[in-house]
Amino acid sequence: MQEIYFDNAATTQVLPEVAEMARKMMCEEYGNPSALYGRGLAAERAVKQAREQVAALIGAQPQEIIFTSGATESNNMAMRGAMKIRTRRGKHMVISALEHQSVIQTVRAMLELGYDFDLIPVETSGRINPGVVQNMMRPDTVFASIMLVNNEVGTVQPIADLRRAIDAKRSQVLLHVDASQALGKIPINVSELGVDFLTGSGHKLHAPKGVGFVYVRQGLRIPPFINGGGQEGGLRSGTENTPGICALGLAARLAQTQMEERYQQVKQVHDTFLQGLKGLDGWHINGRAAERLPHILSIAFDGVKSEVLLHMLEEQGIYVSAGAACSAHKDTLSHVLRAMRMRRNLIEGTLRFSFSHLNTTQEAELAAQAVCRSVQDLRGII
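Residue numbers (the numbering used here): 1 to 382.
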């Protein structure tokens with residue numbers, strides 16, 4: 001049975017050349033980057049190159065890139081660091097209602113330290129209105145967190161417009177953007193976006209799990225997140241994950257050089273899959289087409305339960321998601337779809353299909369046929 005993997009928003013397959021880079025750094029160039037002899041210096045140069053490659057992907061300077069274990073740690077580092085350096089100016093934060101749990105739970109944990117926050121509402125399409133954000137600014141607002149591409153519906157936020165709206169009311173607000181689902185899919189330039197922090201994770205980019213980064217705008221001096229030997233500019237001590245970092249660097253370079261080609265492949269897969277659903281009644285896409293990436297497709301199917309449909313597809317070798325992987329084992333409705341004011345029955349019937357350039361149009365055709373059969377079978381049982 002052919003397996004079809006349409007859950008790339010959860011994690012991606014590591015590319016062979018990226019896996020080979022990790023193997024090489026584990027088995028051949030295994031020196032400690034902090035060591036002063038030749039093998040250590042070679043590892044240090046490899047990490048330096050990876051830092052340059054990641055920086056190039058987002059239009060940053062290499063010294064502005066701090067390597068971490070992934071986007072969750074990066075989000076924590078950015079948010080906690082930002083609030084510590086802005087505490088004297090205020091303790092109010094605004095975050096979008098669509099954020100990843102690593103942002104939402106960090107904000108909630110910070111309430112115990114006397115901080116305050118408000119959720120930025122979203123339109124039914126999943127888009128954030130800059131005017132709404134501007135009106136939420138208070139004299140004590142010092143931090144905002146808004147993800148670039150949503151991990152459940154694929155909506156792209158107008159970050160540059162949001163930055164201008166914030167500045168018009170409160171220019172001292174630090175802006176953090178989780179770009180995990182955008183990296184390598186669309187062009188990113190931190191200066192043009194006007195962000196102070198930007199975070200990402202390797203395993204969304206065909207690199208291994210367990211490695212990520214945070215961009216910290218030059219001139220911002222946040223306190224150390226992990227104390228120790230002073231690695232990563234003194235912000236995150238500990239011997240560097242050289243295999244993961246170098247693999248991430250290579251994945252970033254490949255994504256940058258192949259971005260347009262990959263985008264067109266994903267769009268063909270996305271369009272072919274939707275075409276295959278044309279004969280099926282009672283479904284609709286969550287989010288406005290003009291405002292989302294083709295990499296993520298959230299579809300609500302009338303009259304079915306997403307979990308049941310998910311397992312029916314799994315039995316046919318097709319792997320999709322009922323929502324964000326980080327929340328998949330929790331018995332709660334998607335906070336993203338609730339924020340978009342979707343009806344409960346539609347949320348319960350929603351599946352997320354997420355594509356990569358490794359997918360094919362043939363896979364899209366086969367998956368669409370399987371979805372149509374399975375949905376009709378389920379409706380027949382009801």
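Glycine is no exception: its CB is placed at the ideal position from the N, C-alpha and C atoms. Just so it is clear, the structure is predicted and the values come from calculations on it, not from any experiment.
With which residues is Gly200 paired in a DSSP beta bridge? Stepping through the sequence shown from its first residue, residue 200 is reached at position 200. Phe213.
As a quick exercise: from Ile245, Gly200, Gly282, pick the residue whose alpha carbon is nearest that of Asn32. Walking along the sequence shown from the start, residue 32 turns up at place 32. Here the closest residue by C-alpha is Ile245.
Hey, how far is the Cα of Asp178 from the Cα of Val153? Translated into the one-based positions of the sequence shown, residue 178 becomes position 178. Translated into the one-based positions of the sequence shown, residue 153 becomes position 153. Their Cα atoms are separated by approximately 15 Å.
Leu174 by DSSP, collapsed to three states: which one? On the sequence shown, residue 174 is found 174 positions in, with the first residue counted as 1. Strand.
Between Met312 and Arg51, what straight-line distance do the alpha-carbon atoms span, to the nearest angstrom? As a first step, residue 312 must be located in the sequence shown, where it is residue number 312. As a first step, residue 51 must be located in the sequence shown, where it is residue number 51. Using only the alpha carbons, I get a separation of about 43 Å.
Under the three-state reduction of DSSP, which class applies to Ala144: helix, strand or coil? Taking the sequence shown and counting its residues from 1, the one referred to as residue 144 is at position 144. Residue state, collapsed to three classes: strand.
With H, G and I counted as helix, E and B as strand and the rest as coil, what does DSSP make of Ala300? On the sequence shown, residue 300 is found 300 positions in, with the first residue counted as 1. Strand at Ala300.
State the beta-bridge partners of Arg236 as determined by DSSP. The residue given as residue 236 occupies position 236 in the sequence shown. BP columns for Arg236 point to Ile226.
Residues sharing a beta bridge with Arg262, DSSP: The residue given as residue 262 occupies position 262 in the sequence shown. For Arg262, which the question treats as bridged, DSSP gives no partner whatsoever.
Would you tell me roughly how many angstroms separate the C-alpha atoms of Leu198 and Leu378, rounded to the nearest one? As a first step, residue 198 is located in the sequence shown; it is residue number 198 there, counting from the start. As a first step, residue 378 is located in the sequence shown; it is residue number 378 there, counting from the start. Looking at the two C-alpha atoms, the distance is approximately 43 Å.
Going by C-alpha to C-alpha distance, which of Gln134, Asp7, Gly126, Thr242 sits closest to Met21? The residue given as residue 21 occupies position 21 in the sequence shown. Among Gln134, Asp7, Gly126, Thr242, the Cα nearest to that of Met21 is on Thr242.
With Ile4 and Ala290 assumed to form a contact (beta carbons below 8 Å), what rounded beta-carbon distance in angstroms separates them? On the sequence shown, position 4 is the one that residue 4 refers to. On the sequence shown, position 290 is the one that residue 290 refers to. Going by Cβ atoms, the distance from Ile4 to Ala290 rounds to 27 Å, so no, they are not a contact pair.
Taking the continuous beta strand (DSSP E) assigned at Arg352, which residues delimit it? Reading the sequence shown from its first residue, position 352 is the one you call residue 352. Its beta strand (DSSP E) spans residues 350-354.
In or out: Asp118 buried (at least 16 other Cβ within 10 Å) or exposed? Here residue 118 is taken as the residue at index 118 of the sequence shown, counted from 1. By the 10 Å Cβ count, Asp118 comes out exposed.
How should Gln13 be labelled, buried or exposed, when 16 other C-beta atoms within 10 angstroms of its C-beta is the threshold for buried? In the sequence shown, the residue the question calls residue 13 occupies position 13. Exposed is the call here.
Just to confirm before moving on: does the CB-CB distance between Phe468 and Leu174 stay below 9 Å? Missing from the structure shown is residue 468; the chain here goes from 1 to 382 and no further.
State the DSSP-derived secondary structure class of Ile128, mapped to helix, strand or coil. Residue numbering aside, residue 128 sits at position 128 when the sequence shown is read from its first letter. Residue state, collapsed to three classes: coil.
Among the candidates Met136, Gln376, Glu348, whose CA atom is the shortest distance from the CA of Arg170? Mapped onto the sequence shown, residue 170 falls at position 170. The shortest Cα separation from Arg170 among Met136, Gln376, Glu348 belongs to Met136.
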